[in-house]
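In what follows, a structure is listed as structure tokens, so that the remarks can point back to it.
There are 2 protein chains.
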Amino acid sequence: MRTVKWNQNNYTLEMIDQRLLPVEFKVNEYSDYRDVAQAISDMVVRGAPAIGGAAAFGLAVAAYQSDAQTVDELREDLNQAVRVLEKARPTAVNLSWALKRIMRRTADVADSPDALREAVLEEAQKIADEDVQINKNMARHGAELIDDGDTIIHHCNTGALATVDWGTALGVIRTAHEQGKDIHVLVDETRPRLQGARLTAWELDRYNISYDIISDNMAGHFLSTGQVQKVVFGADRVAANGDVANKIGTYMLALAAKDNDVPAYSVVPTSTIDLSLASGDQIPIEERAVDEVLGLTLMGQKVAPEQASARNIAFDITPNRLISGIVTENGVVYPPFDVNLPPVVPED
Amino acid sequence: MRTVKWNQNNYTLEMIDQRLLPVEFKVNEYSDYRDVAQAISDMVVRGAPAIGGAAAFGLAVAAYQSDAQTVDELREDLNQAVRVLEKARPTAVNLSWALKRIMRRTADVADSPDALREAVLEEAQKIADEDVQINKNMARHGAELIDDGDTIIHHCNTGALATVDWGTALGVIRTAHEQGKDIHVLVDETRPRLQGARLTAWELDRYNISYDIISDNMAGHFLSTGQVQKVVFGADRVAANGDVANKIGTYMLALAAKDNDVPAYSVVPTSTIDLSLASGDQIPIEERAVDEVLGLTLMGQKVAPEQASARNIAFDITPNRLISGIVTENGVVYPPFDVNLPPVVPED
Chain W
1 MRTVKWNQNN
11 YTLEMIDQRL
21 LPVEFKVNEY
31 SDYRDVAQAI
41 SDMVVRGAPA
51 IGGAAAFGLA
61 VAAYQSDAQT
71 VDELREDLNQ
81 AVRVLEKARP
91 TAVNLSWALK
101 RIMRRTADVA
111 DSPDALREAV
121 LEEAQKIADE
131 DVQINKNMAR
141 HGAELIDDGD
151 TIIHHCNTGA
161 LATVDWGTAL
171 GVIRTAHEQG
181 KDIHVLVDET
191 RPRLQGARLT
201 AWELDRYNIS
211 YDIISDNMAG
221 HFLSTGQVQK
231 VVFGADRVAA
241 NGDVANKIGT
251 YMLALAAKDN
261 DVPAYSVVPT
271 STIDLSLASG
281 DQIPIEERAV
291 DEVLGLTLMG
301 QKVAPEQASA
311 RNIAFDITPN
321 RLISGIVTEN
331 GVVYPPFDVN
341 LPPVVPED
Chain S
1001 MRTVKWNQNN
1011 YTLEMIDQRL
1021 LPVEFKVNEY
1031 SDYRDVAQAI
1041 SDMVVRGAPA
1051 IGGAAAFGLA
1061 VAAYQSDAQT
1071 VDELREDLNQ
1081 AVRVLEKARP
1091 TAVNLSWALK
1101 RIMRRTADVA
1111 DSPDALREAV
1121 LEEAQKIADE
1131 DVQINKNMAR
1141 HGAELIDDGD
1151 TIIHHCNTGA
1161 LATVDWGTAL
1171 GVIRTAHEQG
1181 KDIHVLVDET
1191 RPRLQGARLT
1201 AWELDRYNIS
1211 YDIISDNMAG
1221 HFLSTGQVQK
1231 VVFGADRVAA
1241 NGDVANKIGT
1251 YMLALAAKDN
1261 DVPAYSVVPT
1271 STIDLSLASG
1281 DQIPIEERAV
1291 DEVLGLTLMG
1301 QKVAPEQASA
1311 RNIAFDITPN
1321 RLISGIVTEN
1331 GVVYPPFDVN
1341 LPPVVPED
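The structure is reproduced here in structure tokens:
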């Protein structure tokens, strides 16, 4: 089952509701692009590549939802859908990348509204199918960096659930495991939304890969006591200089890795690299509702005082000096990133 | 109300049950030193100075609990109580410090068992009373480091609840606030036991000090974006070279502070400084039950998969190179700590 998937029977987008995992496995069906945008905002689907796929199919939903009678009318409806979808979340560049790619590649379709609808869907499907292949290629390149016996710290969820299928950083771990390498994963629980404890642990259980969940702030202890050989994570956007915007906590993790000479790799499809931004400080950082921080119960007991005040920053910037390599579908890119990015990209 | 308090009416130790805060304020009564040891293990009381006070009164409980008819018999019972109490938690040195001090200072009492009982209680009471005064002195020294307008990141709970009264690092914040300085506190929620979100936020509410709870992994973002002027925390044990054992996450926090040239201060009574250990790697690090990591519910939903595996490291070592100063009741100690520790201590 793919994380995001087109249902051709009724022209809907199907997505695993990741908010319910690991307790419940449920697939939602979307027939309105505005609901797709809301689902992205609410984190029914999350992970930069999966958000890209969801947005792509969201535009296909918009195409078939529209009762436009002319190509121009339909294109107007699609533009409106792009405006709504691209605002769903600000940090992951894959969202706008997917929408722009579809609009660009269907710009010449003028035969009929239905031809345009089909072209939009075809491009969305292509993005989704490519994502799986790209992940496999990334995983193959990244797995070469993993040694037999490695203990690896992994942040957030970057597995099949964060992509259309297979995964980025977790895909590297999966492929290394399938190659027969003996691997142990320390799973950052990843406050506040706990994607590590909820989703990565769930995936690792399914893949039969050995792991322990840790709270994010324990990573430093395991690194400084020599128990960790690699640190891996994905990215929501990479700037032209190699600064990495990723799930909050990545910066402190990468810093602790650097402080102990443990290599830290960001694993990303090239669609996550945003060459229009010179450095990380230009990447928009999302701040989310505080109930994700305050709504905790620990061993049956409510945690924070009523009406406590909080902040909820969803991403941080890891400066390029802390990144040992950026693993892409075209190979591993090493510093200096401002020179070596982007990696050679196949013909567009 | 003190966190730990002797009840002379029935020779019992009263302690606020900190596991129930902020939902419920309840005081437990202890008439068996083994229950005191269990309460320390279970974190009814926590925080290095408060643990010292609880252990001291725990020994007084043992003295009055014993039906020994001779001084020698009573001393044997006390030695047995020391053995049980000192094992309650391994990392905070204040525990064994308090027990050793009482046994040393009552070593000459030979008149009668009741005289020894009274001497033990008197010394325990002295430790508790001194702790409050020591905290006030630390707070006064530390408050000089705080500027009007500072935003301060605080880790774990180091307030009145972590001591007999007033607090160490949070005591500094309280005193600076009482001096009229405009202060905002970013409260590390402090996974896994969430002492920040539960206890520090509860205390700051009571003191009317402005704060926001953040997840521990957000500290790096606030530091790297220039929103923080000071970082403060306590310690459970400080080695002779200034390495600091403190609540898990302190190392990554201090590292992020250093990476952004923000000063990080450890605020500790001199009883927390263990000159018998040359460096931090000799400090025993407690590992606790995994339900503290796995037993989370977020917004009503269980987080980790059933039977997920986890690790729960309770403390980490922050190397002295990341510590800007150690605030004690005798003043602020600056690097090089191996030369400048201990600060001048009043006659023992």
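Going down the list, the sequences are from chains W and S. Here the first sequence stands for residues 1 to 348, numbered as in our numbering. Here the second sequence stands for residues 1001 to 1348, numbered as in our numbering. Yeah, the Cβ is synthetic: ideal placement off N, Cα and C, and Gly gets one too. In this text the structure is predicted, and so the values were computed from the model without any measurement.
Between Tyr1251/S and Gly220/W, the C-beta spacing is below 8 Å. Residue-level contact check: Ala1264/S does not touch chain W, since none of the beta carbons of chain W fall below 8 Å from its beta carbon. Within the model, the alpha-carbon separation for Gly1300/S versus Thr3/W is close to 24 Å. Along the region 1217 to 1279 of chain S, the beta strand (DSSP E) occurs as fully enclosed runs of 3 or more residues at 1230 to 1233, 1237 to 1239, 1244 to 1247 and 1264 to 1267, listed in sequence order. Around the CB of Glu1123/S, 16 or more other CB atoms lie within 10 Å, so the residue is classed as buried.
Excluding residues up to 5 positions away in sequence, Val1290, Val1293, Leu1294 and Ala1304 lie with their Cβ nearer than 8 Å to the Cβ of Ala1310/S in the same chain. Following the DSSP letters along the chain, one finds Phe337/W inside the alpha helix (DSSP H) bounded by residues Phe337 to Asn340.
Ranked by Cα distance from Asp316/W, the options Ser1271/S, Thr1297/S and Ala1256/S are led by Ala1256/S.
DSSP assignment within the region 1070 to 1139 of chain S yields the following whole alpha helix (DSSP H) runs of 4 residues or more, N-terminal first: 1071 to 1086 and 1094 to 1105. With respect to chain W, the C-beta atom of His1221/S has a partner C-beta closer than 8 Å. The C-beta of Gln1069/S comes no closer than 8 Å to any C-beta of chain W. Rounded to whole angstroms, the gap between the alpha carbons of Leu1186/S and Ile1152/S is 6 Å. Chain S places no beta carbon closer than 8 Å to that of Ala143/W, leaving this residue out of the contacts. Neighbours of Asp1274/S in chain W, taken as residues at a C-beta separation under 9 Å, are lacking, since the least C-beta distance is about 19 Å. Thr1272/S sits away from Val1084/S, with the two beta carbons spaced by 8 Å or more. Look at Trp1006/S here: in three-state DSSP terms it is strand.
The CB of Asp1259/S comes closer than 7 Å to the CB of Leu255 in chain W, given here in chain order.
Interface flag for Gly1295/S against chain W is set, since a Cβ pair is found closer than 8 Å. In chain order, Gln301 and Lys302 make up the part of chain W whose C-beta sits under 7 Å from the C-beta of Val1023/S. DSSP assignment within the region 176 to 214 of chain W yields the following whole alpha helix (DSSP H) runs of 4 residues or more, N-terminal first: 201 to 207. Per DSSP, the unbroken beta strand (DSSP E) holding Asp1316/S starts and ends at Phe1315 to Thr1318.
For Glu1029/S, the enclosing beta strand (DSSP E) starts and ends at Val1027 to Tyr1030. At a Cβ-Cβ threshold of 8 Å, Ala160/W and Gly167/W count as neighbours. Excluding its 5 nearest sequence neighbours in each direction, Tyr64/W has C-beta neighbours in its own chain below 7 Å: Tyr11 and Arg117, listed in chain order. Residue pairing by DSSP places Leu1013/S opposite Trp1006/S and Tyr1030/S in a beta bridge. Per the Cβ contact rule, the region 1123 to 1136 of chain S is not in contact with the region 1065 to 1077 of chain S (fewer than 3 Cβ pairs under 8 Å). Under DSSP, Gln301/W takes part in a beta bridge, and its partners are Leu298/W.
Note on geometry: alpha-carbon atoms of Val1044/S and Val1027/S lie some 10 Å from one another. When the beta-carbon positions are compared, Glu1086/S and Leu1099/S come within less than 8 Å of each other.
Lys258/W sits away from Asp150/W, with the two beta carbons spaced by 8 Å or more.
DSSP places His155/W outside both helix and strand once states are collapsed to three, so it counts as coil. The C-alpha of Ser276/W lies about 36 Å from the C-alpha of Leu1322/S.
The C-beta separation of Ile1213/S from Glu1178/S comes to about 22 Å, leaving the pair out of contact by the 8 Å criterion.
Chain S has a Cβ within less than 8 Å of the Cβ of Tyr251/W. One finds nothing in chain S with a Cβ atom closer than 8 Å to the Cβ of Trp166/W; even the nearest lies about 20 Å away. Secondary structure of Ala308/W (DSSP, three-state): coil.
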